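Working notes, structure below.
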Amino acid sequence: MSASIAEVFRPEGALTILGRVEPVLEEGRRRLAAGDVSIDLSALVEADSVVVAMLLDWQRAARRAGHRLEIRALPDGLQSLADLYGVDGLLAAAGEEAR
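Just remember that this note's numbering sits 249 ahead of the position in the sequence shown, which is counted from 1.
Following this line, the structure appears as structure tokens:
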């Protein structure tokens with residue numbers, strides 16, 4: 250089992266295509282450029298496919314920077330969307346270390 254990641258980023262509220270997701274996206278990128286990050290989605294009250302895209306973006310950013318990304322508390326609805334889009338394996342790989 251690998252060491253836990255100390256840096257936790259917990260987006261809150263609603264993250265949907267109709268909302269302002271750019272600041273959250275940029276904050277995640279900034280944190281991943283600086284080091285390993287655990288993304289905790291437990292505080293989301295509403296989320297749609299834009300969050301799946303955001304997680305994939307953050308995964309690419311982490312890989313480019315040579316850092317680890319953990320995904321925690323992925324809501325069932327987002328897991329279903331990831332399954333539908335065929336990217337569930339990509340998100341699962343990022344969340345493996347969080348288990």
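A virtual CB, placed ideally from N, CA and C, is assigned to each residue, including glycine. Quick caveat: nothing in here was measured; it's all calculated off a predicted structure.
C-alpha distance - residue i paired with residue j, whole-angstrom precision
i, j, result
"Ala-347", "Glu-319", "Below a pLDDT of 50, predicted positions are generally treated as unreliable, and Ala-347, at 41, falls in that range; the measurement from the model is reported next regardless. Computed Cα separation, rounded: 6 Å."
"Ser-253", "Asp-285", "10 Å"
"Met-250", "Arg-317", "The predicted model places Met-250 with a pLDDT of 43, which falls under 50 and marks its position as unreliable, so this point remains unresolved."
"Leu-340", "Leu-333", "13 Å"
"Ser-287", "Pro-260", "11 Å"
"Asp-337", "Ser-329", "8 Å"
Pick from the options that is closest to residue i, judged by C-alpha positions
i, options, result
"Glu-276", "Gly-335, Leu-330, Arg-312, Leu-304", "Leu-304"
"Pro-324", "Glu-295, Asp-306, Arg-313", "Glu-295"
"Ala-322", "Ala-282, Ala-292, Arg-279, Gly-268", "Ala-292"
"Val-282", "Ser-329, Gly-262, Val-270, Trp-307", "Sequence check: residue 282 is Ala here, not Val. Cα-wise, what sits closest to Ala-282 is Trp-307."
"Phe-258", "Asp-297, Leu-333, Leu-290", "Leu-290"
"Glu-256", "Gly-268, Arg-279, Gln-328", "Arg-279"
Pair within 8 Å by beta-carbon distance, residue i and residue j
i, j, result
"Thr-265", "Val-299", "yes"
N-terminal and C-terminal residue of the alpha helix (DSSP H) that residue i is part of
i, result
"Val-301", "298-314"
"Gly-326", "325-334"
"Ala-283", "271-283"
Start-to-end residues for the beta strand (DSSP E) that takes in residue i
i, result
"Arg-321", "318-321"
"Gln-287", "Sequence inspection shows Ser at residue 287; the Gln mentioned does not correspond to that position. 286-289 is the span of the beta strand (DSSP E), which, as asked, contains Ser-287."
The ligand SAH heavy atom lying under 7 Å from the CB of residue i
i, result
"Leu-327", "Inclusion of the ligand SAH in the displayed structure is not the case, the ligand content being empty and no account of it being possible."
Buried or exposed by the 16-neighbour rule on C-beta atoms within 10 Å, applied to residue i
i, result
"Leu-274", "buried"
"Leu-327", "buried"
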